[in-house]
Amino acid sequence: MFPRICLILLLGATVLRAAEAKTRHILFVTTDGLRWQEVFRGAEQAMMNKEEGGVPDAAALTERYGAPAPEERRERLMPFLWKTIAQQGQIFGNRDAGSLGDVTNGKWISYPGYSEFLTGHPDDRITSNKPIPNPNLNVLEWLNTRPGLAGKVYACNAWPTLRQILNVDRSKLPMFSTMQKSTPGAVSPRIAELEQWMQDIPSPWPDEHYDAFVQRAAVEFIDAHHPRVLYVNFGETDEWAHARRYDRYLEAAHRVDGWIGALWAKLQSMPEYRGTTTLVITTDHGRGETPQDWINHNDKVPHSGEWWCAVLGPDTASLGARKDCTPVKQAQIAASLAKFLGEDYQAAEPQAAAPLPDIFSKP
């Protein structure tokens, strides 16, 4: 009798928590390799030159993103993050203020990073960016099997290797990736048009295309499918950093901030999403911190495992940019996404890290 009573009480508490939560939708956004230094300090003068940053017009870049105080510089670079999320949500990872965020996989490159935050744990078997199918369960795949969520989880990605990281052959997640060429009739007319534009416009990189295509695909997925969960991945921040073009790296970050703001505004304009959507933003790894090594990231580049994230939504208290708080880690993202939707990812994946602290505490 006692165990049965306990079970009834536990189920009752779970139903109560679900009833109290307001989040019904998740917008999850990542931008590849964007350093916490730019997020919290804004543009760094040491790289705003031709020698270290590959900047052809340092004066113009300084005019656009430079300022005496880091608070002004970061707001110029990412106005949506600092005028909206910092006022209404939470941002973790400002090491200058005692808010530590870290990647735990020890590799500090993309595939291990994406796998860590999507599966909820590092995997020592994943040591490179080779596009091999991920053997681990990921939170998007799992959410796509849950009642009320099945068939309502979508992804739009700049980096086609995310098809393997999310193991699309197994997970069957509907996904747009740059460089893809779908069979005729397999995608909507708007996605088909984006694919044609990608073929017609040369890409600067061999394995991905401009982020603008990802943004337009995300808008199409919202309009056509009304997802419960939408994952949007941008990649130009990493590509331009590797190319030692600090000006284009900053511009890419600024565009991503604007696109996130536009997606948020679009969702808030739609009755089904307004007041029921939580936004989570993060990155897959950091980068070096000096003018010499900021372009790189791996286990040989100090500080490139330093990480940040941001959360905005109806169930998250407005604590702003966190200071002197509990350290957070990349692996905590997966269980956090699930918990916002009333789901326990750790029950399905015991290796997964616990959700982020303090983000489910809105009065």
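So this note's numbering is basically just the index in the sequence shown, starting at one, shifted up by 166. All C-beta atoms, glycine included, are put in the ideal place defined by N, C-alpha and C.
query: Touch test, the region 321-333 against the region 399-412, Cβ-Cβ under 8 angstroms, three pairs minimum; result: yes
query: Span separating the alpha-carbon of L339 from that of K216; result: 43 angstroms
query: Identity of the residues DSSP links to M341 by a beta bridge; result: A321
query: Distance between D366 and L522 (C-alpha atoms, nearest Å); result: 43 angstroms
query: DSSP bridge partner residues for E472 (one or two, in chain order); result: D268
query: Cβ pair F258, R410 closer than 7 angstroms; result: no
query: Neighbourhood of C491 by C-beta distance below 6 angstroms, restricted to the same chain and skipping five residues each side; result: S265
query: Proximity of K495 and D335 at Cβ, strictly below 7 angstroms; result: no
query: Endpoints, alpha helix (DSSP H) assigned at I331; result: 328-331
query: Cβ shell of I426 (< 7 angstroms), same chain only, five flanking positions each side left out; result: V195, F246, I447
query: For V395, the three-state DSSP class (helix, strand or coil); result: strand
query: One or two residues paired with I193 in a DSSP bridge; result: Looking at the sequence itself, residue 193 is Leu, so the reference to Ile does not match. Answer by DSSP bridge pairing, in chain order: L396, L445.
query: Where Q434 sits in the DSSP three-state scheme; result: helix
query: Cβ-based neighbour list, A209, same chain, cut-off 7 angstroms, excluding 5 preceding and 5 following; result: Y231, G232, R239, L243, L416
query: Cut-off 6 angstroms between Cβ atoms - residues of its own chain near Q512, not counting five sequence neighbours on either side; result: A501, A518
query: Outcome for N464 when other beta-carbon atoms lying within 10 angstroms are tallied against a minimum of 16; result: exposed
query: Own chain partners of E282 with C-beta closer than 6 angstroms, once the 5 adjacent residues on each side are dropped; result: N271, P288, Q496, A497
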